[in-house]
Amino acid sequence: MIISTKEIKKFIISVFIPIIVGFSSSFISEFLSQTNTSTYYSNLIKPGFFPPGYVFPIVWTILYVLMGISAYLISKKGLNTLKVRDAMFYYYLQLGLNFIWPILFFGLGLRFTALIVIGLMIVIVLIMITKFAKIDKRAAYINLPYLAWLFYAFFLNYVIWSINR
Numbered sequence: 001m002i003i004s005t006k007e008i009k010k011f012i013i014s015v016f017i018p019i020i021v022g023f024s025s026s027f028i029s030e031f032l033s034q035t036n037t038s039t040y041y042s043n044l045i046k047p048g049f050f051p052p053g054y055v056f057p058i059v060w061t062i063l064y065v066l067m068g069i070s071a072y073l074i075s076k077k078g079l080n081t082l083k084v085r086d087a088m089f090y091y092y093l094q095l096g097l098n099f100i101w102p103i104l105f106f107g108l109g110l111r112f113t114a115l116i117v118i119g120l121m122i123v124i125v126l127i128m129i130t131k132f133a134k135i136d137k138r139a140a141y142i143n144l145p146y147l148a149w150l151f152y153a154f155f156l157n158y159v160i161w162s163i164n165r
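Residue numbers (the UniProt record's numbering): 1 to 165.
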């Protein structure tokens, strides 16, 4: 099977969109808080079982790449169909919430508001995965690590919010 240059460009763009969204929200967070997010994280009171700060950029980069791959698989099915456009709406909605979360948590210090946003993100990602599964099961399965990480991040956010009030 030969892949066209056009398809390669679509794939690369699909993968880079969530990476750019994620890292730009981190940049904005650092600008607003006037501190590095890893420094901010290390200064929080948290239990010893929390992961070290260097884990987060690694995990998020992997998850952003997986998100992009899944979006590519779905959009390949035809953005002119209602089913695909509907699924992609939830993809972009969760990506928007993903963009907002670090700004709220790190940039503005609104940990409870960030907790609500991550809870909403979990619901939206569940809907997105369900809609993706009806179009391409691989695209849905690729997002399961993301969903698992969101549940874990919700727990981390909750503990940090409750300890650091």
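In this text, a Cβ means the ideal position worked out from N, Cα and C, and glycines have one as well.
Only a predicted model underlies this, so the values are computations on that prediction, with no experimental measurement involved.
Looking at residue j and residue i, is the spacing between their C-beta atoms short of 8 Å?
| i | j | result |
| --- | --- | --- |
| residue 176 | Leu108 | Any property of residue 176 remains undetermined from this structure, which presents the chain solely from 1 to 165. |
| Leu115 | Leu147 | no |
| Arg111 | Asn164 | yes |
| Ser42 | Gly53 | yes |
Note down, in chain order, each residue of its chain lying with its Cβ closer than 7 Å to the Cβ of residue i, except the 5 sequence neighbours on either side.
| i | result |
| --- | --- |
| Ile118 | Trp101, Leu150, Ala153, Phe154 and Asn157 |
Out of the options, which one is the CA nearest neighbour of residue i?
| i | options | result |
| --- | --- | --- |
| Trp161 | Pro47, Pro145, Val21 and Ile142 | Pro47 |
| Ile103 | Ile12, Ile20, Ser29 and Ile3 | Ser29 |
| Ile3 | Lys76, Lys137 and Ala87 | Lys76 |
| Met121 | Asn143, Lys137 and Ile135 | Asn143 |
| Phe99 | Ser26, Ser38 and Phe89 | Ser26 |
| Ile19 | Thr113, Val159 and Gly96 | Gly96 |
Within its chain, find whatever has a CB closer than 6 Å to the CB of residue i; leave out the 5 residues flanking it on each side and keep chain order.
| i | result |
| --- | --- |
| Ala140 | Ile129, Phe132 and Ala133 |
| Gly78 | Val84 |
Within 10 angstroms of its Cβ, does residue i collect 16 or more other Cβ (buried), or is it exposed?
| i | result |
| --- | --- |
| Ile124 | buried |
| Pro51 | exposed |
| Tyr92 | exposed |
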